[in-house]
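Undergrad:
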Amino acid sequence: MRVTELESYLASRRQLVQEALEKSLPPAESYPPAIHQAMRYSLFAGGKRLRPILVLAAGESAGSPPEPLLPAACAVELIHTYSLIHDDLPAMDNDDYRRGRPTCHKVFGEAIALLAGDALLTQAFAVLSQVPAGIPPAKVLQAIGELATAAGSQGMIGGQVVDMEAEGRPATLEIVNYIHTHKTGSLIRACLRLGGILSGAGEEQLAVLTRYGENLGLAFQITDDILDIEGDFTRMGKKGGMDVARGKATYPACLGLKKAREIARELCAEAQSLALSLGPAAEPLFLLAGYVLNRQG
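Just so we're aligned: the sequence shown equals residues 349 to 645 in the numbering used here.
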């Protein structure tokens with residue numbers, strides 16, 4: 349699979365995810381319309397759909413077709429979108445733009461934005477609880493527990509808390525690692541594990557997917573730190589330089605840009621090595637590691 353084939357793969361999987369996401373929420377006109385419009389505004393604001401594609405790619409590497417994995421892929425994207433809505437609120441990062449357009453609270457007000465995030469989080473588990481044909485219910489139950497832990501106080505939310513507490517303080521590598529592996533890395537790791545669990549991956553295969561997810565999740569956030577310094581609004585869809593302005597604990601703040609780039613390259617190289625060990629069916633995972641390293645937004 350060459351880079352052009354990766355682009356084709358990403359486009360086809362995005363289309364599958366988009367169609368499934370459209371069915372995952374009530375129509376915009378459903379009563380009360382304000383909440384459903386706000387949920388859809390943020391969910392369909394764009395984005396690369398990397399996390400749901402990682403669910404599909406992980407499952408495909410273990411021999412599953414993508415279709416049975418779509419509920420899990422949608423659940424991850426619903427949780428990711430809820431986290432972005434809440435991150436953007438004035439009480440959190442206070443951002444005016446996300447993916448190139450006004451954030452949810454700028455359009456619908458803070459109260460509806462807060463509730464839209466809550467509703468997306470709740471809907472994620474309703475979607476994930478669906479049992480696709482051919483997948484044992486016990487595996488779906490395992491996936492629900494996996495995603496709940498990744499999104500909770502010992503995962504994404506825990507990372508968010510430490511991220512806020514660390515603002516304006518000298519950044520230590522220990523704190524930065526905790527923030528990155530929890531706030532961002534835990535959900536990306538869960539994507540790989542959900543795909544593996546629901547596809548019936550063996551214990552060793554699941555362990556490799558887990559390690560791949562850990563490497564990729566940390567690399568993704570490091571590149572995000574770098575893009576906040578070097579990226580531009582057109583590509584990123586949001587204002588840059590905010591990490592420095594808020595005194596965020598980041599890899600560039602702690603180690604400098606050069607070292608941060610070096611670590612991101614090492615993490616992606618390790619992820620690619622792990623993907624290779626899974627065989628030809630994991631080629632999308634191999635190329636996705638390079639995609640994460642070289643992304644511009």
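Don't be surprised by glycine CBs; every beta carbon is placed ideally from N, CA and C.
The structure presented is a predicted model; accordingly, all values stated were derived computationally and were not measured.
1. With DSSP as the reference, label Tyr379 as helix, strand or coil.
2. Count the other C-beta atoms from every protein chain shown that fall within 10 angstroms of the C-beta of Asp444, then say buried if there are 16 or more, exposed otherwise.
3. Of all the options Val475, Lys454, Asp573, Gly457, which has the alpha carbon lying nearest to the alpha carbon of Ala368?
4. So for Pro450, helix, strand or coil by DSSP?
5. Which value, in whole angstroms, describes the spacing of the CA atoms of Pro518 and Cys452?
6. Taking the Cβ atom as the reference point for each residue, do Leu633 and Ser390 lie within a distance shorter than 8 Å?
7. Can you grab the Cα-Cα spacing for the pair Arg594 / Glu370, in whole Å?
8. Between which residues of its own chain and Cys539 is the CB-CB distance below 6 Å, once the five residues before and five after are set aside?
9. Tell me the residue span of the alpha helix (DSSP H) that contains Asn525.
10. Among Arg537, Val510, Ser378, which residue has its Cα nearest to the Cα of Glu522?
11. Nearest-angstrom Cα distance between Thr429 and Ile570?
12. Measure the beta-carbon distance from Ile536 to Leu575 and round it to whole angstroms, keeping in mind my assumption that it falls under 8 Å.
13. By the DSSP assignment, the alpha helix (DSSP H) with Ser547 in it spans what residues?
14. Is it the case that the region 545-564 contacts the region 496-509, given that we only count it when at least three CB pairs across the two stretches are under 8 Å?
15. Examine the Cβ distances between the region 484-495 and the region 456-471 and report whether three or more of them are shorter than 8 Å.
16. Excluding the 5 residues flanking Ala491 on each side, which residues of the same chain have their C-beta closer than 7 Å to its C-beta?
17. When the Cα atoms are used, what is the spatial distance from Thr352 to Gly561?
18. Taking just the CA atoms, how far does Glu614 sit from Tyr599?
TA: Short version:
1. Position 31 of the sequence shown, counted from the start, is the residue given in the question as residue 379. Looking at Tyr379 - three-state DSSP - the assignment turns out to be coil, as it is neither helix nor strand.
2. Here residue 444 corresponds to residue number 96 of the sequence shown, with the count starting at 1. Exposed, by the Cβ-count rule.
3. Looking up residue 368 in the sequence shown gives position 20. Looking at the Cα atoms, Val475 is the closest of the given residues.
4. Mapped onto the sequence shown, residue 450 falls at position 102. Three-state DSSP puts Pro450 in a strand.
5. For this step, residue 518 is matched to residue 170 along the sequence shown. For this step, residue 452 is matched to residue 104 along the sequence shown. For Pro518 and Cys452, the distance between alpha carbons rounds to 32 Å.
6. The residue labelled residue 633 in the question sits at position 285 within the sequence shown. The residue labelled residue 390 in the question sits at position 42 within the sequence shown. Contact: no.
7. If you number the sequence shown from 1, residue 594 lands on position 246. If you number the sequence shown from 1, residue 370 lands on position 22. Taking the straight line from one Cα to the other gives about 36 Å.
8. By 1-based counting over the sequence shown, the position of residue 539 is 191. So the list reads Arg399, Leu402, Val403, Val424, once near-sequence residues are dropped.
9. Walking along the sequence shown from the start, residue 525 turns up at place 177. It spans 521-527 - the alpha helix (DSSP H) in which Asn525 sits, taken as one unbroken run.
10. Along the sequence shown, read from residue 1 onward, the residue named residue 522 stands at position 174. Checking every option, the nearest Cα to that of Glu522 belongs to Val510.
11. Here residue 429 is taken as the residue at index 81 of the sequence shown, counted from 1. Here residue 570 is taken as the residue at index 222 of the sequence shown, counted from 1. Distance between the alpha carbons of Thr429 and Ile570 is about 20 Å.
12. Reading the sequence shown from its first residue, position 188 is the one you call residue 536. Reading the sequence shown from its first residue, position 227 is the one you call residue 575. Ile536 to Leu575, Cβ: 16 Å. No contact.
13. As a working note, residue 547 is residue 199 in the sequence shown. Run containing Ser547: none; DSSP gives neither H nor E here.
14. no
15. no
16. Looking up residue 491 in the sequence shown gives position 143. The answer, listed in chain order, is Ala420, Leu476, Leu542, Ile545, Leu546.
17. Numbered from its first residue, the sequence shown carries residue 352 at position 4. Numbered from its first residue, the sequence shown carries residue 561 at position 213. In a straight line, the C-alpha of Thr352 is about 23 Å away from that of Gly561.
18. In the sequence shown, residue 599 corresponds to position 251, counting from 1. In the sequence shown, residue 614 corresponds to position 266, counting from 1. Approximately 14 Å, taken between the alpha carbons.
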